[in-house]
Amino acid sequence: MADSHCLEVTTEDPAIEFIYLRDITYFSLMLQKGVFDGFLDNLPITSLEKFEAIRLEKADLKVLSKQFKISNNLLYRYLSLLKFINIDNENDEIYNKFKLETQVIIYVMNRLDYSIEKEVNSKIKFISFHDDPTFNVFESLSNDPKEKEENQLEKLELFFKDFENDFKEIAPKCLKIYSEYIYSLKAKNSPIKSNESN
Numbered sequence: 001m002a003d004s005h006c007l008e009v010t011t012e013d014p015a016i017e018f019i020y021l022r023d024i025t026y027f028s029l030m031l032q033k034g035v036f037d038g039f040l041d042n043l044p045i046t047s048l049e050k051f052e053a054i055r056l057e058k059a060d061l062k063v064l065s066k067q068f069k070i071s072n073n074l075l076y077r078y079l080s081l082l083k084f085i086n087i088d089n090e091n092d093e094i095y096n097k098f099k100l101e102t103q104v105i106i107y108v109m110n111r112l113d114y115s116i117e118k119e120v121n122s123k124i125k126f127i128s129f130h131d132d133p134t135f136n137v138f139e140s141l142s143n144d145p146k147e148k149e150e151n152q153l154e155k156l157e158l159f160f161k162d163f164e165n166d167f168k169e170i171a172p173k174c175l176k177i178y179s180e181y182i183y184s185l186k187a188k189n190s191p192i193k194s195n196e197s198n
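Residue numbers (the working numbering): 1 to 198.
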């Protein structure tokens, strides 16, 4: 990351194990660099207000993308991972908000010729976050006139479940990393009282 000539680090067609390792590594690195410190007062996420407060602005994306040499897609991904390990899946209101937000930023590698059957059968991961926060997954899925409207919601559900399953695989490790980071912050901010006064 210290190489000023390097603009972005990326991997074409990574294996799923590599994706998991990459996600855990970058999530840990962003924690240690204090990227998420401004969100800690809203964690864990116990209300929609707290959920909405955890977001990256365009200016943040520009700085962080340059700092970590990764795309906005991955920055959104790791922010969403932070949310994922801090939401109560039993709270339907918050969970559905997370699901809706994920739908908005789903990216399909080839929108016009994309085949969900091919993706499911080959298990190739073409789902990531979209750079454009105004991207509408329903519009994307409607681009292909061959697709029937009744199939779109089914596709969307498959996209989300695939994405969610990826997060479930790495959530325990990421939650452990997050918990250790929070503990270290508390230890740093709570100096041990000296016994000299006793």
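For every residue, glycine included, the Cβ atom is placed at its ideal position computed from N, Cα and C.
message = Less than 7 Å between the C-beta atoms of F51 and T102, yes or no?
response = Position 51 of the sequence shown, counted from the start, is the residue given in the question as residue 51. Position 102 of the sequence shown, counted from the start, is the residue given in the question as residue 102. Inclusion of F51 and T102 in the CB contact set at 7 Å is not warranted, their separation being larger than that value.
task = Determine the DSSP secondary structure at K125, reduced to helix, strand or coil.
result = Locating residue 125 in the sequence shown gives position 125, counting from the first residue. Bear in mind that the predicted position of K125 carries a pLDDT of just 40, short of 50, making it unreliable; the figure below should be weighed with that in mind. DSSP places K125 in coil when its eight states are reduced to three.
ask   = Is the region 163-177 close to the region 81-91, with three or more CB pairs under 8 Å?
value = Yes: the two stretches touch, three or more of their Cβ pairs being nearer than 8 Å.
request  = Could you work out which residue in N72, I54, V63, A187 is closest to K97 when comparing CA atoms only?
outcome  = Mapped onto the sequence shown, residue 97 falls at position 97. Nearest C-alpha to K97: I54.
key: Residues near E117 in its chain [Cβ-Cβ closer than 7 Å; skip 5 each side]   = What you label residue 117 is simply residue 117 of the sequence shown in a count that begins at 1. Its pLDDT being 44, under 50, E117 is placed unreliably in this model, and the coordinates cannot settle the point.
query = Taking I70 as the reference, which of D162, L43, L29 has the closest Cα?
reply = Translated into the one-based positions of the sequence shown, residue 70 becomes position 70. Among D162, L43, L29, the Cα nearest to that of I70 is on L29.
query = Which word fits D23, buried or exposed, when buried means at least 16 other C-beta atoms lie within 10 angstroms of its C-beta?
reply = Taking the first residue of the sequence shown as 1, we reach residue 23 at position 23. Buried: at least 16 other Cβ atoms inside 10 Å.
key: Own chain, CB closer than 8 Å to S179, minus 5 neighbours either side, in chain order   = On the sequence shown, residue 179 is found 179 positions in, with the first residue counted as 1. Contacts found: none.
Residue environment, N89, which counts as buried when at least 16 other CB atoms sit within 10 Å = In the sequence shown, counting from the first residue as 1, residue 89 sits at position 89. Burial state of N89 is exposed, judged by a 10 Å Cβ sphere holding fewer than 16 other Cβ atoms.
inquiry  = Let me make sure I understand the geometry here. Which of D41, K99, E154, K58 has the alpha-carbon closest to that of F167?
reply    = The residue labelled residue 167 in the question sits at position 167 within the sequence shown. Nearest to F167 by C-alpha distance, out of D41, K99, E154, K58, is K99.
message = Taking the beta carbon of D113 as the centre, do at least 16 other beta carbons fall within 10 Å, making it buried, or is it exposed?
response = By one-based count along the sequence shown, residue 113 stands at place 113. Residue placement at D113 is poorly supported in this model, since its pLDDT is 37, which falls under 50; the coordinates still yield a value, given next. The residue in question, D113, is exposed, as its Cβ has fewer than 16 Cβ neighbours within 10 Å.
message = With distance defined between alpha-carbon atoms, name the residue in E93, E12, L43, Y76 nearest to N27.
response = Sequence index remark: in the sequence shown, residue 27 carries index 27 (1-based). Checking the displayed sequence, the identity of residue 27 turns out to be Phe instead of Asn. Of the candidates E93, E12, L43, Y76, Y76 places its Cα closest to the Cα of F27.
ask   = According to DSSP, is I177 helix, strand or coil?
value = Mapped onto the sequence shown, residue 177 falls at position 177. Helix, per DSSP.
Close-in-space but distant-in-sequence residues of the same chain around E12 (CB under 8 Å, 5 per side omitted) = One-based indexing of the sequence shown puts residue 12 at position 12. The beta carbon of E12 sits closer than 8 Å to none of the beta carbons in its chain outside the five residues before and after it.
key: Residues near F39 in its chain [Cβ-Cβ closer than 8 Å; skip 5 each side]   = Here residue 39 refers to the residue found at position 39 when the sequence shown is read from its first residue. Closer than 8 Å at Cβ, skipping near neighbours: A53, I54, L82.
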